[in-house]
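Colleague: Residue numbers (my numbering): 5 to 341. C-beta atoms are modelled at their ideal positions from N, C-alpha and C, and glycine is treated no differently. Because the structure is a prediction, the values reported are computed rather than measured. This structure is in C-alpha coordinates; I'll ask about it shortly.
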Amino acid sequence: MSDHYLGIDVHKTESQVAVIDEMGEVTEEVRVENANLDEIAQKYAGSDAALEATSNYFTIYDTLDEYLDVTLANPVKADWLAGQKQKNDRVDAKQLARFLRLNEVPESYVPSRKLRRCRALARSRKKLVNKRTDFKNEVSALLDQTGNVYDGKLWTEGGREFLAELTLEEPYEMVLDQWLEAVDEFTVKIKRLQRKIETVATELEETTLLMSAPGVAAYSGVMILSELGEVDRFDRSSEAVSYAGLDPVVRESGDSRTEHGISKEGNGYLRWILVQCANTAVHNAKDPYLSEFYWRLRETRNKPHKVAIVATARKLLVSLFHMLSREEPYDPPGVSA
5 MSDHYLGIDV HKTESQVAVI DEMGEVTEEV RVENANLDEI AQKYAGSDAA LEATSNYFTI
65 YDTLDEYLDV TLANPVKADW LAGQKQKNDR VDAKQLARFL RLNEVPESYV PSRKLRRCRA
125 LARSRKKLVN KRTDFKNEVS ALLDQTGNVY DGKLWTEGGR EFLAELTLEE PYEMVLDQWL
185 EAVDEFTVKI KRLQRKIETV ATELEETTLL MSAPGVAAYS GVMILSELGE VDRFDRSSEA
245 VSYAGLDPVV RESGDSRTEH GISKEGNGYL RWILVQCANT AVHNAKDPYL SEFYWRLRET
305 RNKPHKVAIV ATARKLLVSL FHMLSREEPY DPPGVSA
(Lines of atoms letter the chains of each structure in order from A and count residues from 1; the text may use other names and numbers.)
(Lines give C-alpha, C1' and ligand atoms only; values in the text may rest on other atoms or scores of the structure.)
Protein backbone atom coordinates (compact mmCIF):
# COMPACT_ATOMS: atom_id res chain seq x y z
CA MET A 1 0.00 0.00 0.00
CA SER A 2 1.26 3.44 -0.92
CA ASP A 3 2.04 5.97 1.84
CA HIS A 4 0.82 8.88 -0.28
CA TYR A 5 -1.52 9.46 -3.21
CA LEU A 6 -0.94 12.35 -5.58
CA GLY A 7 -3.65 13.91 -7.72
CA ILE A 8 -2.24 16.12 -10.47
CA ASP A 9 -4.41 18.48 -12.53
CA VAL A 10 -2.26 19.24 -15.57
CA HIS A 11 -2.29 22.44 -17.60
CA LYS A 12 -0.09 23.70 -20.41
CA THR A 13 2.67 25.24 -18.29
CA GLU A 14 1.80 24.39 -14.69
CA SER A 15 -0.09 21.86 -12.60
CA GLN A 16 -2.06 21.72 -9.37
CA VAL A 17 -0.92 18.91 -7.08
CA ALA A 18 -2.83 17.48 -4.12
CA VAL A 19 -1.29 14.89 -1.81
CA ILE A 20 -3.27 12.75 0.64
CA ASP A 21 -2.01 10.13 3.07
CA GLU A 22 -3.21 6.56 3.54
CA MET A 23 -5.90 7.83 5.95
CA GLY A 24 -7.34 10.13 3.28
CA GLU A 25 -6.12 13.38 4.82
CA VAL A 26 -4.73 16.13 2.60
CA THR A 27 -1.08 16.67 3.53
CA GLU A 28 -0.01 19.06 0.80
CA GLU A 29 -1.47 21.25 -1.94
CA VAL A 30 0.86 23.05 -4.30
CA ARG A 31 0.86 24.68 -7.73
CA VAL A 32 4.05 23.94 -9.61
CA GLU A 33 5.51 24.62 -13.03
CA ASN A 34 5.47 21.49 -15.17
CA ALA A 35 9.22 21.74 -15.63
CA ASN A 36 9.61 21.26 -11.87
CA LEU A 37 7.25 18.32 -11.43
CA ASP A 38 10.22 15.99 -11.08
CA GLU A 39 10.96 17.62 -7.70
CA ILE A 40 7.51 16.59 -6.42
CA ALA A 41 7.96 13.13 -7.96
CA GLN A 42 11.31 12.64 -6.21
CA LYS A 43 9.91 13.86 -2.89
CA TYR A 44 7.16 11.23 -2.97
CA ALA A 45 9.11 8.52 -4.82
CA GLY A 46 7.40 5.13 -4.63
CA SER A 47 3.94 6.62 -4.12
CA ASP A 48 0.92 6.43 -6.44
CA ALA A 49 -0.09 9.33 -8.68
CA ALA A 50 -2.99 10.07 -11.03
CA LEU A 51 -3.28 12.70 -13.71
CA GLU A 52 -6.02 13.49 -16.18
CA ALA A 53 -5.40 12.77 -19.86
CA THR A 54 -4.65 16.04 -21.68
CA SER A 55 -2.96 17.02 -24.93
CA ASN A 56 0.48 17.37 -23.30
CA TYR A 57 0.40 14.49 -20.84
CA PHE A 58 3.09 12.33 -22.50
CA THR A 59 6.09 14.36 -21.33
CA ILE A 60 4.65 14.82 -17.85
CA TYR A 61 3.75 11.14 -17.59
CA ASP A 62 7.31 10.15 -18.51
CA THR A 63 8.73 12.57 -15.93
CA LEU A 64 6.53 11.22 -13.13
CA ASP A 65 6.87 7.58 -14.16
CA GLU A 66 10.56 7.67 -13.28
CA TYR A 67 9.65 7.88 -9.58
CA LEU A 68 5.92 7.18 -9.14
CA ASP A 69 3.36 4.54 -10.02
CA VAL A 70 1.32 6.69 -12.42
CA THR A 71 -2.28 6.19 -13.51
CA LEU A 72 -3.60 8.21 -16.44
CA ALA A 73 -7.24 8.96 -15.64
CA ASN A 74 -9.83 8.63 -18.39
CA PRO A 75 -12.13 11.69 -17.99
CA VAL A 76 -14.82 10.16 -20.19
CA LYS A 77 -15.26 7.25 -17.79
CA ALA A 78 -14.63 9.30 -14.64
CA ASP A 79 -17.97 11.05 -14.25
CA TRP A 80 -16.68 12.89 -11.20
CA LEU A 81 -14.23 14.63 -13.55
CA ALA A 82 -16.23 14.95 -16.76
CA GLY A 83 -19.50 15.85 -15.07
CA GLN A 84 -18.35 18.94 -13.19
CA LYS A 85 -20.14 22.06 -14.37
CA GLN A 86 -17.32 24.31 -13.23
CA LYS A 87 -13.72 23.17 -13.43
CA ASN A 88 -11.69 23.84 -10.31
CA ASP A 89 -8.02 22.88 -10.29
CA ARG A 90 -7.77 22.32 -6.54
CA VAL A 91 -10.95 20.26 -6.42
CA ASP A 92 -9.91 18.19 -9.46
CA ALA A 93 -6.50 17.43 -7.97
CA LYS A 94 -7.99 16.35 -4.63
CA GLN A 95 -10.64 14.25 -6.37
CA LEU A 96 -7.97 12.47 -8.37
CA ALA A 97 -5.97 11.71 -5.25
CA ARG A 98 -8.99 10.51 -3.25
CA PHE A 99 -10.36 8.23 -5.96
CA LEU A 100 -6.84 6.91 -6.58
CA ARG A 101 -6.62 5.92 -2.89
CA LEU A 102 -9.91 4.04 -3.31
CA ASN A 103 -8.58 2.38 -6.49
CA GLU A 104 -11.49 3.86 -8.44
CA VAL A 105 -9.69 5.86 -11.14
CA PRO A 106 -10.66 4.56 -14.64
CA GLU A 107 -7.40 4.20 -16.52
CA SER A 108 -6.45 5.41 -19.99
CA TYR A 109 -3.92 3.49 -22.06
CA VAL A 110 -0.45 5.01 -22.36
CA PRO A 111 1.40 3.74 -25.46
CA SER A 112 5.12 3.13 -25.37
CA ARG A 113 7.50 5.77 -26.68
CA LYS A 114 8.10 3.66 -29.80
CA LEU A 115 4.38 3.54 -30.53
CA ARG A 116 3.98 7.24 -29.84
CA ARG A 117 6.54 8.00 -32.53
CA CYS A 118 4.66 5.76 -34.95
CA ARG A 119 1.40 7.41 -33.99
CA ALA A 120 2.83 10.87 -34.61
CA LEU A 121 3.88 9.86 -38.14
CA ALA A 122 0.60 8.16 -39.06
CA ARG A 123 -1.68 10.83 -37.61
CA SER A 124 0.35 13.62 -39.21
CA ARG A 125 0.05 12.02 -42.64
CA LYS A 126 -3.71 11.69 -42.21
CA LYS A 127 -3.99 15.36 -41.23
CA LEU A 128 -1.95 16.44 -44.25
CA VAL A 129 -4.16 14.36 -46.56
CA ASN A 130 -7.26 15.92 -44.98
CA LYS A 131 -5.85 19.40 -45.54
CA ARG A 132 -5.05 18.60 -49.16
CA THR A 133 -8.59 17.30 -49.62
CA ASP A 134 -9.93 20.62 -48.36
CA PHE A 135 -8.03 22.45 -51.11
CA LYS A 136 -9.13 19.93 -53.74
CA ASN A 137 -12.71 20.59 -52.69
CA GLU A 138 -12.11 24.32 -53.11
CA VAL A 139 -10.99 23.69 -56.70
CA SER A 140 -14.15 21.67 -57.42
CA ALA A 141 -16.30 24.38 -55.87
CA LEU A 142 -14.57 27.05 -57.98
CA LEU A 143 -15.26 25.08 -61.16
CA ASP A 144 -18.93 24.89 -60.18
CA GLN A 145 -19.03 28.63 -59.51
CA THR A 146 -17.53 29.43 -62.91
CA GLY A 147 -19.64 26.92 -64.84
CA ASN A 148 -16.77 24.62 -65.84
CA VAL A 149 -17.24 20.86 -66.01
CA TYR A 150 -14.68 18.09 -66.45
CA ASP A 151 -16.02 14.66 -67.46
CA GLY A 152 -13.66 12.42 -65.55
CA LYS A 153 -11.61 12.26 -62.38
CA LEU A 154 -10.21 15.71 -61.79
CA TRP A 155 -7.07 14.66 -59.92
CA THR A 156 -5.67 12.39 -62.60
CA GLU A 157 -3.10 13.39 -65.23
CA GLY A 158 -5.92 14.26 -67.64
CA GLY A 159 -7.71 16.31 -65.02
CA ARG A 160 -4.61 18.32 -64.20
CA GLU A 161 -4.06 19.02 -67.91
CA PHE A 162 -7.63 20.32 -68.09
CA LEU A 163 -7.00 22.63 -65.12
CA ALA A 164 -3.67 23.83 -66.56
CA GLU A 165 -5.31 24.78 -69.87
CA LEU A 166 -8.38 26.34 -68.29
CA THR A 167 -8.65 30.11 -68.70
CA LEU A 168 -10.76 32.05 -66.19
CA GLU A 169 -11.42 35.72 -65.69
CA GLU A 170 -9.84 37.40 -62.69
CA PRO A 171 -9.86 36.96 -59.76
CA TYR A 172 -10.88 33.32 -60.39
CA GLU A 173 -7.70 32.56 -62.33
CA MET A 174 -5.54 33.70 -59.44
CA VAL A 175 -7.66 31.86 -56.86
CA LEU A 176 -7.47 28.62 -58.86
CA ASP A 177 -3.67 28.93 -59.10
CA GLN A 178 -3.46 29.37 -55.32
CA TRP A 179 -5.58 26.31 -54.62
CA LEU A 180 -3.54 24.20 -57.04
CA GLU A 181 -0.25 25.38 -55.53
CA ALA A 182 -1.55 24.40 -52.09
CA VAL A 183 -2.54 20.96 -53.35
CA ASP A 184 0.91 20.42 -54.84
CA GLU A 185 2.68 21.64 -51.71
CA PHE A 186 0.73 19.24 -49.52
CA THR A 187 1.44 16.41 -51.97
CA VAL A 188 5.17 17.00 -51.51
CA LYS A 189 4.80 16.96 -47.71
CA ILE A 190 2.71 13.77 -47.81
CA LYS A 191 5.26 11.98 -50.01
CA ARG A 192 8.08 13.00 -47.69
CA LEU A 193 6.22 11.68 -44.65
CA GLN A 194 5.21 8.53 -46.51
CA ARG A 195 8.86 7.69 -47.22
CA LYS A 196 9.64 7.94 -43.52
CA ILE A 197 6.64 5.76 -42.66
CA GLU A 198 7.73 3.10 -45.14
CA THR A 199 11.19 3.04 -43.58
CA VAL A 200 9.75 2.67 -40.08
CA ALA A 201 7.36 -0.06 -41.24
CA THR A 202 10.19 -2.22 -42.56
CA GLU A 203 12.10 -1.86 -39.28
CA LEU A 204 9.30 -3.15 -37.04
CA GLU A 205 8.44 -6.85 -36.76
CA GLU A 206 4.82 -6.05 -35.92
CA THR A 207 4.17 -3.95 -39.01
CA THR A 208 5.91 -6.47 -41.23
CA LEU A 209 3.52 -9.05 -39.81
CA LEU A 210 0.49 -6.81 -40.29
CA MET A 211 1.41 -6.14 -43.91
CA SER A 212 0.99 -9.84 -44.69
CA ALA A 213 -2.77 -9.24 -44.39
CA PRO A 214 -4.72 -8.04 -47.46
CA GLY A 215 -5.38 -4.33 -47.60
CA VAL A 216 -2.65 -3.48 -45.09
CA ALA A 217 0.36 -1.54 -46.41
CA ALA A 218 3.12 0.45 -44.69
CA TYR A 219 1.00 3.45 -43.70
CA SER A 220 -2.01 1.43 -42.54
CA GLY A 221 0.25 -1.03 -40.74
CA VAL A 222 1.98 1.74 -38.79
CA MET A 223 -1.33 3.37 -37.93
CA ILE A 224 -2.96 0.10 -36.82
CA LEU A 225 0.01 -0.81 -34.64
CA SER A 226 0.31 2.63 -33.05
CA GLU A 227 -3.41 3.04 -32.38
CA LEU A 228 -4.08 -0.53 -31.21
CA GLY A 229 -1.02 -0.57 -28.99
CA GLU A 230 0.55 -3.56 -27.28
CA VAL A 231 -1.78 -6.43 -28.14
CA ASP A 232 -1.09 -8.33 -24.90
CA ARG A 233 -3.11 -5.74 -22.97
CA PHE A 234 -6.22 -7.38 -24.44
CA ASP A 235 -7.30 -10.78 -23.10
CA ARG A 236 -9.43 -11.57 -26.14
CA SER A 237 -10.21 -10.24 -29.59
CA SER A 238 -13.58 -8.84 -28.48
CA GLU A 239 -11.75 -6.38 -26.24
CA ALA A 240 -9.72 -5.13 -29.18
CA VAL A 241 -12.93 -4.80 -31.22
CA SER A 242 -14.51 -2.77 -28.41
CA TYR A 243 -11.40 -0.58 -28.16
CA ALA A 244 -11.80 0.24 -31.85
CA GLY A 245 -15.49 1.06 -31.34
CA LEU A 246 -16.46 -1.61 -33.87
CA ASP A 247 -18.59 -3.60 -31.41
CA PRO A 248 -22.31 -3.64 -32.22
CA VAL A 249 -24.72 -1.99 -29.79
CA VAL A 250 -27.06 -4.69 -28.48
CA ARG A 251 -30.39 -3.89 -26.84
CA GLU A 252 -32.38 -6.54 -25.00
CA SER A 253 -35.97 -6.24 -23.87
CA GLY A 254 -37.75 -9.27 -22.49
CA ASP A 255 -37.18 -12.11 -24.94
CA SER A 256 -36.14 -9.82 -27.80
CA ARG A 257 -32.54 -9.01 -28.72
CA THR A 258 -31.67 -6.49 -31.42
CA GLU A 259 -28.35 -5.29 -32.80
CA HIS A 260 -27.99 -1.67 -33.79
CA GLY A 261 -25.04 0.26 -35.19
CA ILE A 262 -21.52 0.07 -33.80
CA SER A 263 -20.70 1.83 -30.54
CA LYS A 264 -18.10 4.24 -32.01
CA GLU A 265 -16.87 4.68 -28.44
CA GLY A 266 -13.31 3.57 -29.07
CA ASN A 267 -10.29 4.78 -30.99
CA GLY A 268 -11.54 6.68 -34.03
CA TYR A 269 -8.23 6.55 -35.90
CA LEU A 270 -8.09 2.76 -35.55
CA ARG A 271 -11.70 2.36 -36.65
CA TRP A 272 -11.16 4.59 -39.69
CA ILE A 273 -8.03 2.84 -40.95
CA LEU A 274 -9.53 -0.63 -40.49
CA VAL A 275 -12.49 0.35 -42.70
CA GLN A 276 -10.06 1.64 -45.34
CA CYS A 277 -8.12 -1.64 -45.21
CA ALA A 278 -11.30 -3.70 -45.42
CA ASN A 279 -12.38 -1.79 -48.53
CA THR A 280 -9.02 -2.46 -50.16
CA ALA A 281 -9.04 -6.13 -49.16
CA VAL A 282 -12.51 -6.70 -50.62
CA HIS A 283 -12.49 -4.51 -53.73
CA ASN A 284 -8.83 -4.36 -54.76
CA ALA A 285 -7.01 -7.32 -53.23
CA LYS A 286 -10.19 -9.41 -53.49
CA ASP A 287 -9.12 -11.55 -50.55
CA PRO A 288 -11.31 -14.70 -50.60
CA TYR A 289 -11.83 -14.85 -46.82
CA LEU A 290 -12.93 -11.25 -46.37
CA SER A 291 -14.58 -10.89 -49.78
CA GLU A 292 -16.83 -13.89 -49.27
CA PHE A 293 -17.90 -12.55 -45.89
CA TYR A 294 -18.59 -9.07 -47.30
CA TRP A 295 -20.59 -10.30 -50.31
CA ARG A 296 -22.57 -12.75 -48.20
CA LEU A 297 -23.75 -9.81 -46.12
CA ARG A 298 -24.50 -7.74 -49.23
CA GLU A 299 -26.23 -10.33 -51.40
CA THR A 300 -27.67 -12.92 -49.02
CA ARG A 301 -28.64 -10.66 -46.13
CA ASN A 302 -29.23 -7.50 -48.19
CA LYS A 303 -27.00 -5.35 -46.00
CA PRO A 304 -25.96 -1.94 -47.37
CA HIS A 305 -22.29 -1.39 -48.20
CA LYS A 306 -21.61 0.69 -45.10
CA VAL A 307 -22.91 -1.99 -42.75
CA ALA A 308 -21.14 -4.82 -44.60
CA ILE A 309 -17.77 -3.07 -44.81
CA VAL A 310 -17.80 -2.16 -41.11
CA ALA A 311 -18.56 -5.79 -40.25
CA THR A 312 -15.69 -6.81 -42.55
CA ALA A 313 -13.38 -4.35 -40.79
CA ARG A 314 -14.34 -5.98 -37.50
CA LYS A 315 -13.51 -9.41 -38.93
CA LEU A 316 -10.18 -8.10 -40.22
CA LEU A 317 -9.31 -6.72 -36.79
CA VAL A 318 -9.97 -10.11 -35.20
CA SER A 319 -7.53 -11.67 -37.69
CA LEU A 320 -4.92 -8.98 -37.01
CA PHE A 321 -5.33 -9.47 -33.25
CA HIS A 322 -4.58 -13.18 -33.54
CA MET A 323 -1.68 -12.54 -35.92
CA LEU A 324 -0.03 -10.20 -33.42
CA SER A 325 -0.84 -12.40 -30.42
CA ARG A 326 0.58 -15.53 -32.05
CA GLU A 327 3.29 -13.72 -34.02
CA GLU A 328 2.08 -15.43 -37.18
CA PRO A 329 1.43 -14.03 -40.68
CA TYR A 330 -2.03 -13.81 -42.20
CA ASP A 331 -3.48 -17.29 -42.69
CA PRO A 332 -7.30 -17.26 -42.61
CA PRO A 333 -9.46 -20.37 -42.38
CA GLY A 334 -10.31 -22.14 -45.66
CA VAL A 335 -12.93 -20.42 -47.76
CA SER A 336 -15.93 -22.50 -48.77
CA ALA A 337 -16.48 -23.22 -52.42
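Within 10 angstroms of its Cβ, does residue 199 collect 16 or more other Cβ (buried), or is it exposed?
Modeller: What you label residue 199 is simply residue 195 of the sequence shown in a count that begins at 1. It is exposed - the Cβ of residue 199 has fewer than 16 other Cβ atoms within 10 Å.
Colleague: Please list the terminal residues of the continuous beta strand (DSSP E) segment that includes residue 9.
Modeller: Translated into positions along the sequence shown, residue 9 becomes position 5. Segment 8-14, the beta strand (DSSP E) holding residue 9.
Colleague: Can you give me the start and stop residues for the beta strand (DSSP E) that residue 19 sits inside?
Modeller: Position 15 of the sequence shown, counted from the start, is the residue given in the question as residue 19. Looking at the DSSP string, the run of the beta strand (DSSP E) that includes residue 19 is 18-25.
Colleague: Given this structure, state the Cα-to-Cα distance separating residue 156 from residue 142, to the nearest angstrom.
Modeller: Position 152 of the sequence shown, counted from the start, is the residue given in the question as residue 156. Position 138 of the sequence shown, counted from the start, is the residue given in the question as residue 142. Residue 156 and residue 142: Cα-Cα distance of roughly 17 Å.
Colleague: Helix, strand or coil for residue 328 per DSSP?
Modeller: The residue labelled residue 328 in the question sits at position 324 within the sequence shown. Residue state, collapsed to three classes: helix.
Colleague: What residue range does the beta strand (DSSP E) around residue 29 cover?
Modeller: Walking along the sequence shown from the start, residue 29 turns up at place 25. Neither: residue 29 is in no beta strand (DSSP E) and is coded neither H nor E.
Colleague: For the beta strand (DSSP E) containing residue 56, name the first residue and the last one.
Modeller: Counting from 1 along the sequence shown, the entry for residue 56 is found at position 52. Annotation: the continuous beta strand (DSSP E) that includes residue 56 extends over 52-56.
Colleague: In angstroms, rounded to a whole number, what distance separates the CA positions of residue 341 and residue 66?
Modeller: Residue numbering aside, residue 341 sits at position 337 when the sequence shown is read from its first letter. Residue numbering aside, residue 66 sits at position 62 when the sequence shown is read from its first letter. With a pLDDT of 36 at residue 341, under the threshold of 50, the predicted position of this residue should be treated as unreliable, and no value is reported.
Colleague: Let me check one thing: in DSSP terms, what residues is residue 75 bridge-paired to?
Modeller: As a working mapping, residue 75 is identified with position 71 in the sequence shown. DSSP, once it has assigned bridges, lists 54 as partnering residue 75.
Colleague: Sorted by chain position, which residues of the same chain lie with C-beta nearer than 8 Å to residue 236's C-beta, five sequence neighbours on each side aside?
Modeller: As a first step, residue 236 must be located in the sequence shown, where it is residue number 232. So the qualifying residues of the chain are 329.
Colleague: Residue 252 by DSSP, collapsed to three states: which one?
Modeller: The residue given as residue 252 occupies position 248 in the sequence shown. Correct three-state label for residue 252: strand.
Colleague: What three-state label does DSSP hand residue 296 in the structure shown?
Modeller: Start at 1 with the first residue of the sequence shown, and residue 296 comes out as number 292. Note: residue 296 maps to helix in three-state DSSP.
Colleague: Per DSSP, what kind of secondary structure is residue 243 in: helix, strand or coil?
Modeller: For the purposes of this step, residue 243 is identified with residue 239 of the sequence shown, where counting begins at 1. Helix.
Colleague: Please check if any C-beta of chain C sits within less than 8 Å of the C-beta of residue 214.
Modeller: Annotation note: the requested chain C is absent from the structure, which comprises a single protein chain.
Colleague: Got a sec? Which residues, its chain only, sit under 7 Å from residue 37 by beta carbon, not counting five neighbours each side?
Modeller: As a first step, residue 37 is located in the sequence shown; it is residue number 33 there, counting from the start. Contacts found: 17 and 18.
Colleague: Is it buried or exposed for residue 99, if we count other Cβ within 10 angstroms and need 16 for buried?
Modeller: Within the sequence shown, residue 99 is the residue found at index 95, counting from 1. Answer is buried; the Cβ neighbour count reaches 16.
Colleague: Excluding the 5 residues flanking residue 23 on each side, which residues of the same chain have their C-beta closer than 6 Å to its C-beta?
Modeller: Locating residue 23 in the sequence shown gives position 19, counting from the first residue. Around residue 23: 8, 10, 31 and 32.
Colleague: Hey, residue 241 and residue 103: beta-carbon distance below 8 Å or not?
Modeller: As a first step, residue 241 must be located in the sequence shown, where it is residue number 237. As a first step, residue 103 must be located in the sequence shown, where it is residue number 99. No, the pair does not count as a contact, with Cβ atoms beyond the cut-off.
Colleague: Considering just the uninterrupted stretch of the alpha helix (DSSP H) at residue 225, what are its terminal residues?
Modeller: Sequence index remark: in the sequence shown, residue 225 carries index 221 (1-based). 222-232 is the span of the alpha helix (DSSP H), which, as asked, contains residue 225.
Colleague: On the DSSP letters alone, give me the boundaries of the alpha helix (DSSP H) that residue 238 sits inside.
Modeller: One-based indexing of the sequence shown puts residue 238 at position 234. That residue, residue 238, is in no alpha helix (DSSP H); it is neither H nor E in DSSP.
Colleague: Do you know whose CA, among 113, 239, 321 and 76, lies nearest residue 224's CA?
Modeller: What you label residue 224 is simply residue 220 of the sequence shown in a count that begins at 1. It is 321 whose Cα lies nearest to the Cα of residue 224.
Colleague: What residue from 251, 295 and 286 has the CA that sits closest to residue 271's CA?
Modeller: Here residue 271 is taken as the residue at index 267 of the sequence shown, counted from 1. Here the closest residue by C-alpha is 251.
Colleague: If you measure between the beta carbons of residue 34 and residue 75, is that distance less than 8 Å?
Modeller: As a first step, residue 34 is located in the sequence shown; it is residue number 30 there, counting from the start. As a first step, residue 75 is located in the sequence shown; it is residue number 71 there, counting from the start. Going by C-beta atoms, residue 34 is not nearer than 8 Å to residue 75.
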